[in-house]
Structure formats: C-alpha cells, structure tokens
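The next block holds one structure in the form of structure tokens; read it before the comments.
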Amino acid sequence: MTKYDEMIKQRRDLLKAHDYNAFPPEDWWEPDQRKGVAPPPLEKPYDENTQLIDLVEPNEFNVGRISLIDAIANRESRRVFTDEPLTLKELSFLLWATQGVRVVDENKVWTKRVVPSGGGRQPFETYLLVDRVNGIKRGIYRYLPIEHKLILVSENLPNAEELM
65 MTKYDEMIKQ
75 RRDLLKAHDY
85 NAFPPEDWWE
95 PDQRKGVAPP
105 PLEKPYDENT
115 QLIDLVEPNE
125 FNVGRISLID
135 AIANRESRRV
145 FTDEPLTLKE
155 LSFLLWATQG
165 VRVVDENKVW
175 TKRVVPSGGG
185 RQPFETYLLV
195 DRVNGIKRGI
205 YRYLPIEHKL
215 ILVSENLPNA
225 EELM
C-alpha cells in the first residue's frame, strides 16, 4: 500500500466513524431545552408602532395545481429576464412558499412551516431588497412570517447593480 493509499484509507475511516470509542459519551452535551433554558423568540422583536405592510393571504393564491411528478418532469430553466415588476400577490406567494407559517405553538416555542427545520425552530430572518414590486416602494424590508406581513427597514436602497 502506498503512502497515498494509506492517506485515503485514513480519511475514509474517519468519514465512516466506525470507531465508536473515539466519540465522547452520550451525556457529554445536554441541549438547552433539556436544561430548562428559555427558547429565543420565534421572531426577532419589532417596534409595535411600526407600520406593517399587508401581503396577500395564502388562501388567495391561485398558482395552479399539478402533480409533483409532472412538476419535476417538466421543470426547465429560464433565462429571460424583463423589467416587468412582480405583483404583490407573486411576492406574497414567494415569501409564504419559502418561510410561511402554518401553525404556531400555543406556548410560542415552535412553529410548523411550509419548509422543514429541526424541532420547528427556524433560526433565521428574511430580508428583501425590493426594487420592482407593484404597490411597494423601493427599499429594504423584513418579512414577518407569523403575521405574513412586511416591515420597511430602510428606504435608502443601495444601487442594486453594484451589489450584484
């Protein structure tokens, strides 16, 4: 066996993790939930006096219905870009499809969303750089998935071309 072959074997063994004695005991780490540590808020807090921008509710989406098999079989990339703005309904659907909340736990510890997350605790916030959406002025916005609304963060929109 060459030196190179030995290096490959060592790295494969490491990836296989076959030596269970090399791992710490099961109780070496205890999750915060088991320790009774309070969970973080489901959403980053915001000023209650902030004006919220209503989005189109999910029950008003009419994006069509096709089977998953048909969607996968007919999927194709499109590279035709236009200056046509998104509609508020299209933006609402995109936000809901990526972060939409279906259920909020009564204790406000977890949510069930349209996207998976371990323990129902999606640890992220969604910010948008809005340039061309009908009915919404240019700016940086934050999506509030529990409320399904937007907050204007800043009207000072950087030159989008420079950011890309």
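Residue numbers (my numbering): 65 to 228.
All C-beta atoms in this analysis are idealised placements derived from N, C-alpha and C, irrespective of residue type, glycine included.
For Arg206: DSSP bridge partner residues: Residue 206 sits at position 142 when you count from the first residue of the sequence shown. Per DSSP, the beta-bridge partners of Arg206 are Tyr191 and Ile215.
Between the CA atoms of Ser156 and Lys201 - distance to the nearest angstrom: Against the sequence shown, residue 201 aligns to sequence position 137. Against the sequence shown, residue 156 aligns to sequence position 92. So the alpha carbons of these two residues sit roughly 15 Å apart.
Given 8 Å, three or more beta-carbon pairs between the region 113-127 and the region 211-224: yes
The region 190-200 contacting the region 146-156, beta-carbon criterion three pairs below 8 Å: At 8 Å Cβ cutoff, the stretches touch.
Distance, Thr175 Cα to Gly182 Cα: Numbered from 1 along the sequence shown, position 118 holds the residue referred to as residue 182. Numbered from 1 along the sequence shown, position 111 holds the residue referred to as residue 175. Cα to Cα, the separation comes out at about 11 Å.
Check whether Pro103 and Val168 have beta carbons under 8 Å apart: Stepping through the sequence shown from its first residue, residue 103 is reached at position 39. Stepping through the sequence shown from its first residue, residue 168 is reached at position 104. Going by C-beta atoms, Pro103 is not nearer than 8 Å to Val168.
Proximity to Thr192 [Cα-Cα], best of Glu94, Gln97, Pro222 and Arg143: As a first step, residue 192 is located in the sequence shown; it is residue number 128 there, counting from the start. Note on residue identity: the sequence assigns Leu, not Thr, to residue 192. Nearest option by C-alpha distance: Pro222.
Ranges of the alpha helix (DSSP H) found wholly within the region 151-186, counting only runs of at least 4: 152-163
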